[in-house]
Amino acid sequence: MTLSTTKAADFDPSFGENGRLEVRPPGNFTNILSNVTTDALGRLVIFGSYRRQTPATQRPGVARFTDIGAFDTGFGDMQDGLTSPPKEVLASSVSSIAMLEDGKFFITGASSTQLPLIQYDADGKLVSSQDIAQESQSVTPRLLALEDKFLVATANGSAGVIYRRQADGTPDMDFGSDGKTTFLSGNSYISTLHMARSKGNSYFYLAGEVGNDGFILRMTNSGELDQGFADNGVYLIKMVDSRLSACRKVIELSDGKLLALIASSGSVDNSAIYLTRLTTTGRIDATFDRGEPVLIPGEVGEDLALQDDKILILHRGLMTGNQLTRYLPNGALDQEFGSDGSGSINFNNAQISFAKSVTVQNDGKIVVAGLSGSLTVLLRLLP
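Each residue of the sequence shown is one higher than the one before, starting from 1 at the first, in UniProt numbering.
Pasting the structure below:
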């Protein structure tokens, strides 16, 4: 397959087939491993769900690749580049991953009756599995690595819940009350969409949706809302003329300011994507797009990443298709990226049908993950 190129972002010919990789696990069955990240050594890691055999159901899995896009055969219990989940786990897909500083990692997934924590060593071999659910789960859980500890965020139908765990998966009793704290109590609907660390590691962020509004909260390492951020630690988001708002992802910048990717909808045919920036105290930053949220083309904002000090947004729409757009630190479109000064790279359906996530490797290469038919597809762009 020949892929179109742009002046500012060419596809990497050393990866897959001319920069495009179709992910085909053993048996070549359906897989949805469309979340992409990197480990501490910069190796590509994807996660989601896959099948090893038919007619088996989808199972939660993590895969690791070499630099050219081959499965890392030193990874996984079966040494084929993929993890193997324990049978007792009911979740069908990995919703989140936490990679600790020693290379070990935990995964979790959505299940109404379980809150699974599955631990693997640095080579993707199963170490342990436990269910830490104390009540029924109403949302998809999220994880966040904190060097030698990690956080688990979920909700139970009446409040959000955050657990902090040690590297061996046991509760960290120095966090909240016996390793657990709650947030936004009294709300029947809370969706946890993303967690992020602060640069100084003195607090962390959780973003998502509560009721019909988006939210961003900042918590201290002891499990308390940071009273110096927004309104008593919580920033609520309600876009103008929007019926529903949600915060999809946040990234703290080197100066402590916070980027936020926001989704809003007024009706079925009236959805929008916005990018905004908050000050260190959780207020609208007037130096970013003159204090106005940047309107992103399309209806669905899938992911947000940084390439040095530039901002990458992966998004799509009925008219725009799948696009990767880059913005300057002040919120202006980066016209040196993409083709014809557009600031965007357009991906056609032959390349990828649904782009879902984006990451930047240590060498500056951009990797986009998504789906084409029943297979996961990775696209890698040169810096």
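Ideal Cβ positions, reconstructed from N, Cα and C, are used throughout, including at glycine.
* Local Cβ density within 10 Å of Ala350, reported as buried at 16 or more and exposed below that -> As a working note, residue 350 is residue 350 in the sequence shown. So Ala350 counts as exposed.
* Three-pair Cβ contact test at 8 Å for the stretch 357-364 versus the stretch 327-343 -> no
* Asked: When we look at the beta-carbon of Lys87 and count the other beta-carbons within 10 Å, is it buried (16 or more) or exposed?
  -> Numbered from 1 along the sequence shown, position 87 holds the residue referred to as residue 87. Answer is exposed; the Cβ neighbour count stays below 16.
* Candidates Phe75, Tyr189, Asp334 and Ala122: closest to Phe215 by CA position -> Numbered from its first residue, the sequence shown carries residue 215 at position 215. Taking only the C-alpha atoms, the option nearest Phe215 is Tyr189.
* **Option in Leu82, Gly301 and Gly200 with minimal Cα separation from Asn28** => In the sequence shown, the residue the question calls residue 28 occupies position 28. It is Leu82 whose Cα lies nearest to the Cα of Asn28.
* To do: Would you mind sorting Glu302 into buried or exposed? The rule is 16 or more other CB atoms within 10 Å of its CB.
  => Counting from 1 along the sequence shown, the entry for residue 302 is found at position 302. Buried, since its Cβ has 16 or more Cβ neighbours within 10 Å.
* Asked: According to DSSP, what are the bridge partners of Met219?
  -> Residue 219 sits at position 219 when you count from the first residue of the sequence shown. Bridge partners of Met219: Phe204 and Leu225.
* Residue of Asn221, Gly291, Lys257 and Phe288 minimising C-alpha distance to Gly282 -> As a working note, residue 282 is residue 282 in the sequence shown. Checked all of Asn221, Gly291, Lys257 and Phe288; the closest Cα to Gly282 is Lys257.
* To do: List the endpoints of the continuous beta strand (DSSP E) containing Met99.
  => Here residue 99 corresponds to residue number 99 of the sequence shown, with the count starting at 1. Residues Ser96 to Met99.
* Does the separation of the CB atoms of Ala145 and Met219 fall below 8 Å? -> Working through the sequence shown from its first residue, we reach residue 145 at position 145. Working through the sequence shown from its first residue, we reach residue 219 at position 219. No. Outside cutoff.
* Close-in-space but distant-in-sequence residues of the same chain around Leu3 (CB under 7 Å, 5 per side omitted) -> Working through the sequence shown from its first residue, we reach residue 3 at position 3. Residue confidence is low: Leu3 scores 47 on pLDDT, short of 50, so the model does not pin down where it sits. No coordinate-derived value is stated.
* Asked: Considering only residues of the same chain and omitting the five flanking positions on each side of Phe75, which have a CB-CB separation below 7 Å?
  -> The count along the sequence shown starts at 1 and reaches residue 75 at position 75. The answer, listed in chain order, is Arg64, Gly81, Asp123 and Gly124.
* **For Gly291, the three-state DSSP class (helix, strand or coil)** => Residue numbering aside, residue 291 sits at position 291 when the sequence shown is read from its first letter. Of the three classes helix, strand and coil, the one that applies to Gly291 here is helix, per DSSP.
* If you follow the beta strand (DSSP E) that Leu82 is part of, which residue opens it and which one closes it? -> In the sequence shown, counting from the first residue as 1, residue 82 sits at position 82. That residue, Leu82, is in no beta strand (DSSP E); it is neither H nor E in DSSP.
* Does the count of Cβ pairs from the stretch 180-197 and the stretch 153-160 closer than 8 Å reach three? -> yes
* Asked: What runs of the beta strand (DSSP E), each 3 residues or longer, lie entirely inside the stretch 340-371?
  -> 344-347 and 354-360
* Asked: Can you name, in chain order, every residue of its own chain whose Cβ lies under 8 Å from the Cβ of Glu22, other than the five neighbours on each side?
  -> Your numbering for residue 22 matches position 22 in the sequence shown. Counting only Cβ-Cβ distances below 8 Å, and skipping sequence neighbours, we find Gly16, Ser372, Leu375, Thr376 and Val377.
* To do: Return helix, strand or coil for Ala70, following the three-state DSSP convention.
  => In the sequence shown, the residue the question calls residue 70 occupies position 70. Three-state result, Ala70: coil.
* If you count every other CB in all the chains shown that lies within 10 Å of the CB of Asp241, and 16 or more means buried, which is it? -> For the purposes of this step, residue 241 is taken as the residue at position 241 of the sequence shown. Exposed, since its Cβ has fewer than 16 Cβ neighbours within 10 Å.
* Asked: Relative to the C-alpha of Tyr120, which residue among Thr113, Ser129 and Ser112 is closest?
  -> In the sequence shown, counting from the first residue as 1, residue 120 sits at position 120. Answer by Cα proximity: Ser129.
* Exposure label - Asn212; buried when at least 16 CB within 10 Å -> Along the sequence shown, one-based indexing puts residue 212 at 212. With fewer than 16 Cβ atoms within 10 Å of its Cβ, Asn212 is classed as exposed.
* To do: State the CB to CB distance for the pair Ala263 and Arg248, rounded to an integer number of angstroms; the pair is presumed to be in contact (CB under 8 Å).
  => Within the sequence shown, numbered from 1, the residue matching residue 263 stands at position 263. Within the sequence shown, numbered from 1, the residue matching residue 248 stands at position 248. Between Arg248 and Ala263 the Cβ distance is about 6 Å, and since that is below 8 Å, they are a contact.
* **Contact set for Tyr203: own chain, Cβ-Cβ below 7 Å, skip 5 residues either direction** => Translated into positions along the sequence shown, residue 203 becomes position 203. Excluding residues within five positions, the ones whose Cβ falls inside 7 Å are Arg218, Met219, Thr220, Asn221 and Asp226.
* Exposed unless 16 or more other CB atoms sit within 10 angstroms - verdict on Met319 -> Position 319 of the sequence shown holds residue 319. Met319 comes out exposed.
* To do: To the nearest angstrom, report how far apart Thr287 and Leu382 are at their CA atoms.
  => For this step, residue 287 is matched to residue 287 along the sequence shown. For this step, residue 382 is matched to residue 382 along the sequence shown. C-alpha separation (whole angstroms): 30 Å.
* Asked: Taking the Cβ atom as the reference point for each residue, do Ser138 and Ala155 lie within a distance shorter than 8 Å?
  -> Position 138 of the sequence shown, counted from the first residue, corresponds to residue 138. Position 155 of the sequence shown, counted from the first residue, corresponds to residue 155. Yes.
* State the DSSP-derived secondary structure class of Met239, mapped to helix, strand or coil. => Working through the sequence shown from its first residue, we reach residue 239 at position 239. In the structure shown, Met239 sits in coil (DSSP, three-state: anything other than H, G, I, E or B).
* Residues near Val127 in its chain [Cβ-Cβ closer than 8 Å; skip 5 each side] -> Residue mapping note: residue 127 aligns to position 127 of the sequence shown, counting from 1. Answer for Val127: Lys104, Gln119, Tyr120 and Asp121, listed in chain order.
* Under 7 Å Cβ to Cβ from Thr57, same chain only, skipping five residues before and after it: list those, please. => In the sequence shown, counting from the first residue as 1, residue 57 sits at position 57. Same-chain partners within the cutoff: Ser92.
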